[in-house]
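Below: one structure, written as structure tokens.
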Amino acid sequence: RKEVEQDPGPFNVPEGATVAFNCTYSNSASQSFFWYRQDCRKEPKLLMSVYSSGNEDGRFTAQLNRASQYISLLIRDSKLSDSATYLCVVNQGTGFQKLVFGTGTRLLVSP
Amino acid sequence: NAGVTQTPKFRILKIGQSMTLQCTQDMNHNYMYWYRQDPGMGLKLIYYSVGAGITDKGEVPNGYNVSRSTTEDFPLRLELAAPSQTSVYFCASRPSRGRTDTQYFGPGTRLTVL
Chain F
1 RKEVEQDPGP FNVPEGATVA FNCTYSNSAS QSFFWYRQDC RKEPKLLMSV YSSGNEDGRF
61 TAQLNRASQY ISLLIRDSKL SDSATYLCVV NQGTGFQKLV FGTGTRLLVS P
Chain Y
1001 NAGVTQTPKF RILKIGQSMT LQCTQDMNHN YMYWYRQDPG MGLKLIYYSV GAGITDKGEV
1061 PNGYNVSRST TEDFPLRLEL AAPSQTSVYF CASRPSRGRT DTQYFGPGTR LTVL
């Protein structure tokens, strides 16, 4: 079983749509959780951290369910510029940040 | 600030050759990391450093070496390149104060070993 599993997609959605990505992780001792965004042939960039209480940043909402070892990302009112690969990332380190990356979910937003 | 810079951007090596991938950050971050990303795969940690003079192995260190003589620089050395080392290599850094959650990545080096 992969340590971090994501549906690779692609998810094809029209502009303005709402889309949700899910991710599961296998290590229950994981400390913290993130969504990174990676554009084609570019480096990953932090989109948002994921907190147990859930958190929102503009059109983006992240949720964490520790009991089910499940993380989600919801994007509302999709823009063309949201087209990218979204990486689910889990920190398994204590003190030192040891990130384990999912393979990513590709999103394509069309006009 | 330039952030994290990596050189070269692209490189083709022959089997058995060696090279050094350069990584420099100007944010005074203590933590630095090297990852590789194979097509369709998640990033894998090769080596990391918690400060100048201190390095340790990550998940996939075989075939690589690192050094950290300054806070700014964290070069990755490939000895005896093999086709299995064909990948995109990303260097990252992270602060020890402030936004400690965030790793900042360089633009990557695309390496092909033939």
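These protein sequences, in sequence, are chains F and Y.
Straight run, no breaks: the first sequence in my numbering ends on number 111.
Straight run, no breaks: the second sequence in my numbering ends on number 1114.
All C-beta atoms in this analysis are idealised placements derived from N, C-alpha and C, irrespective of residue type, glycine included.
In this structure, does DSSP put residue i in helix, strand or coil?
i	result
D82 (chain F)	helix
Q1017 (chain Y)	coil
Q1025 (chain Y)	strand
P44 (chain F)	strand
Q6 (chain F)	strand
P14 (chain F)	strand
S1084 (chain Y)	helix
Using C-beta distances below 7 Å, list every residue in its chain close to residue i, excluding the 5 sequence neighbours before and after it, in chain order.
i	result
T103 (chain F)	Q6, P8
L80 (chain F)	E15, V109, P111
N12 (chain F)	L108, S110
N1001 (chain Y)	D1026, M1027
A84 (chain F)	R37, Q38, D39, L107
Is it buried or exposed, residue i, if we count other Cβ atoms within 10 angstroms and call 16 or more buried?
i	result
D82 (chain F)	buried
G58 (chain F)	exposed
M1032 (chain Y)	buried
Q63 (chain F)	buried
E43 (chain F)	buried
S30 (chain F)	buried
F96 (chain F)	exposed
M1041 (chain Y)	exposed
Within a Cβ cutoff of 6 Å, which residues of the same chain sit near residue i, ignoring the five residues on either side of it in sequence?
i	result
F101 (chain F)	L87, V89
F1010 (chain Y)	R1110
F21 (chain F)	L73, Y86, T105
S32 (chain F)	N91
R1077 (chain Y)	T1020, N1065
Enumerate in chain order the residues of its own chain whose CB-to-CB distance from residue i is below 8 Å, with the five nearest sequence positions on each side excluded.
i	result
L1114 (chain Y)	I1012, L1013, K1014, I1015, P1083
P1075 (chain Y)	T1020, L1021, Q1022, C1023, V1066, S1067
D1073 (chain Y)	Q1022, C1023, T1024
Can you list the residues of chain F that residue i reaches, using a CB-CB cut of under 9 Å?
i	result
D1101 (chain Y)	S32, F34, L46, S49, N91, Q97
List, in order along the chain, the chain F residues whose C-beta lies closer than 8 Å to that of residue i?
i	result
R1094 (chain Y)	Q97
Give me the Cβ distance between residue i and residue j, rounded to the nearest whole Å; I'm assuming they're in contact under 8 Å.
i	j	result
Q1103 (chain Y)	L99 (chain F)	7 Å
Q1037 (chain Y)	S1093 (chain Y)	Not really, about 17 Å apart at Cβ, beyond 8 Å.
S1047 (chain Y)	F1090 (chain Y)	It is worth fixing the name first, because residue 1047 (chain Y) is Tyr in this sequence and not Ser. In fact, because the Cβ distance is near 12 Å, the residues do not count as touching under 8 Å.
Starting from the beta carbon of residue i, find every residue of chain Y whose beta carbon is closer than 8 Å, and list them in chain order.
i	result
E56 (chain F)	Residues of chain Y passing the Cβ test: none, with the nearest at roughly 17 Å.
Starting from residue i, find everything on chain Y with Cβ-Cβ shorter than 7 Å and list it in chain order.
i	result
E15 (chain F)	Result: empty, since nearest Cβ-Cβ is about 27 Å, beyond 7 Å.
Could you list which residues in chain F have their beta carbon closer than 7 Å to that of residue i, in chain order?
i	result
M1126 (chain Y)	Examination of residue 1126 (chain Y) is not possible in this model, given that chain Y is present from 1001 through 1114 alone.
Could you name the residues of chain Y that residue i contacts, counting a contact when the two beta carbons are closer than 9 Å?
i	result
V4 (chain F)	G1042
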